[in-house]
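Heads up, the thing below is written out as C-alpha cells.
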Amino acid sequence: RFVINIPKEERSDLIRIFFQIELAYWFYLDFYCAEHPVLKTCGIKDFSGQNILF
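Using my numbering, read the sequence shown as starting at 215 and increasing by one per residue.
Have a look at this one:
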C-alpha cells in the first residue's frame, strides 16, 4: 500500500522509501494496533526491519 505505490522515478531515493515506511508505521500504530489490541506495538526500527524482510 505504501512502498509499492512509490512512482518509478522515486524508487531509487532511499529517503523517499524510508518516508513511506514511516507512514506505514504510523498507519499500523494508529489503525491496526488501536483496533486489534492483540497486535504488539514496536519501534520504527523493528517495524521497518520486519517489513523489509517480508
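Where a beta carbon is used, it is the ideal one built from N, C-alpha and C, also for glycine.
Rounded to whole angstroms, what's the CA-CA distance from L253 to D260? Just pull it up for me. 14 Å
Could you check if Y246 is buried or exposed, using at least 16 other CB atoms within 10 Å of its CB as the buried criterion? exposed
Just the Cα atoms here: how many angstroms apart are F232 and E249? 25 Å
How many Å lie between D227 and Q234 at the Cα? 11 Å
Can you list, in chain order, the residues of its chain with a C-beta nearer than 7 Å to that of L237? Leave out the 5 residues immediately preceding and following it. F216
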